[in-house]
Each structure stands twice: as C-alpha cells, then as structure tokens.
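Position one of the sequence shown corresponds to residue 388 (my numbering), numbered consecutively onward. Data block below; observations after.
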Amino acid sequence: MKIENIKQLIKEGKMLPLMEEFYTIQGEGFHTGKAAYFVRIGGCDVGCHWCDVKESWNANSHPPTLTQNIVNNVKAFAKTAVITGGEPLMWNMNDLTNLLQENNIKTHIETSGAYPLSGAWDWICLSPKKTKLPMADIFLKAHELKMIIATKNDFKFAEEQALKVDFNCELYLQPEWSKRETITPLIVDYVMKNPQWKISLQTHKYLNIP
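Written out as structure tokens, the structure is:
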C-alpha cells in the first residue's frame with residue numbers, strides 16, 4: 388500500500404499505529420478483575436516520567452493496522468475492548484469504536500484527555516496528567532477519574548480535577564508503582580478521611596499478568 392494511502396486511512400481512523408493487543412484481566416480502576424481485550428495504540432506526547440510503556444511514545448515504531456483487523460482479533464476473545472496507549476485520542480477513534488459496537492463489543496478507553504474526544508464509548512476512564520492537562524469537554528463525559536499519586540502534592544491535583552467531573556463519576560486514587568510502599572499508606576489514610584474516593588491498585592502486576 389502506498390504511503391499516501393496509508394496516511395489517508397490513518398487520518399480517517401481506518402488504520403491505527405498498533406503497538407500490541409492481548410486478552411487479559413483488567414488490573415486497575417472500576418473494572419478490576421474483569422476479562423477484556425486490550426488494544427494499545429502507539430503515540431504519546433504527554434510525557435509522564437513514571438510511564439511504564441515509554442516504548443509506546445513513538446507512533447512511527449508501531450505498524451499502521453487496519454481497524455477491521457483489530458476488531459476481528461477482539462471478536463475472537465472478548466465482549467469488551469479496552470483502548471489504551473500511548474494516548475489513543477491522538478488518533479481518530481470513530482471507525483474503530485463503530486466497528487466494535489456493531490459487533491456488540493463494549494468500548495472502553497483509558498486516556499489523559501489531552502486531545503479531542505473521538506469515538507463512541509461505553510466507558511471513559513480519564514487519568515489527567517500535570518504535564519498536559521485534559522481538554523475541558525471530556526470531564527463531564529468521564530465515567531471514571533483515575534488519579535496517579537506519586538507525591539503528597541498529587542492529592543491536591545486530584546481534588547482539583549475531581550471538581551470538574553460529573554457527580555456520578557467514579558473517583559480513584561492509584562499509587563505510582565515504583566513508590567507504592569510509601570504512597571499506599573497515605574492513600575489509605577486519605578480515602579478513609581475522604582470516602583468519596585476509592586483505591587485503585589495495579590493488581591495485574593501483583594498477579595504477574597499483562
């Protein structure tokens with residue numbers, strides 16, 4: 388396929404830079420413990436220093452893949468697809484989510500919200516980052532707010548972001564993995580004093596699964 392054609396298909400959202408895809412148990416947030424098919428899209432410029440998939444950042448490192456092929460792979464395993472990255476909203480998500488929903492597959496996304504929202508989503512997990520803040524319109528559409536806590540100052544940032552979401556939005560605090568031993572007790576204490584929040588743990592890492 389010619390480069391010009393590939394670029395056009397990417398623009399239309401009919402091809403996406405696919406880093407990896409796998410069937411596993413969800414490890415974080417509201418849907419922890421549920422089976423789902425993860426689709427990791429390459430490309431991200433948010434720049435979290437503690438990101439555990441920095442290899443996703445360069446979109447050019449990951450092959451443009453037809454969304455229909457991605458959907459065919461999801462269909463073989465699961466009724467829920469979690470689109471993650473990288474930052475998936477750097478790309479047009481309309482075609483992928485439409486195809487998934489046409490096949491009765493639930494569409495979930497994990498995003499920083501730093502780019503315009505595209506796609507039709509059954510569940511939006513918004514995880515704001517200080518390095519590139521979410522766009523205003525995604526806050527009231529988010530079903531789940533997941534804040535990563537690496538320092539004591541992050542609690543203040545979490546509260547600032549929580550003021551912007553809908554009152555039905557689920558609120559989660561998650562310890563940054565490399566600091567979990569020192570941060571987790573602080574989160575436990577914070578949630579006991581502020582019970583509108585819940586604790587999210589990266590249970591997939593404890594289970595040693597993807």
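Heads up, the beta-carbon is just placed ideally off N, CA and C, and yes, glycines get one too.
Secondary structure of residue 446 (DSSP, three-state): helix. Note that the C-beta distance between residue 522 and residue 506 is not below 9 angstroms.
Distance from the CA of residue 395 to the CA of residue 430, rounded to the nearest whole angstrom, comes to 17 angstroms. Inter-residue distance for residue 552 and residue 498 is about 14 angstroms (C-alpha atoms, whole angstroms). In the DSSP annotation of this structure, residue 451 is not part of any alpha helix (DSSP H); the continuous beta strand (DSSP E) holding it starts and ends at 451–453.
In this structure, the beta-carbon distance from residue 473 to residue 440 falls below 9 angstroms. For residue 446, same chain residues with a beta-carbon under 6 angstroms away, outside a window of 5 residues either side, are 404, 429, 430 in chain order. Cβ-Cβ separation between residue 459 and residue 400: approximately 16 angstroms, too far for a contact (criterion under 8 angstroms). In this structure, the CA atom of residue 485 is about 31 angstroms from the CA atom of residue 550. Contact between residue 482 and residue 454 is confirmed by a C-beta separation of about 5 angstroms, below the 8 angstroms threshold. Between the region 526–540 and the region 507–515, the count of C-beta pairs closer than 8 angstroms reaches three or more; the two stretches touch. Take the alpha-carbon of residue 417 and the one of residue 576: they are about 20 angstroms apart. Counting only residues of its own chain and dropping the five nearest sequence neighbours on each side, residue 591 has a CB closer than 6 angstroms to the CB of 414.
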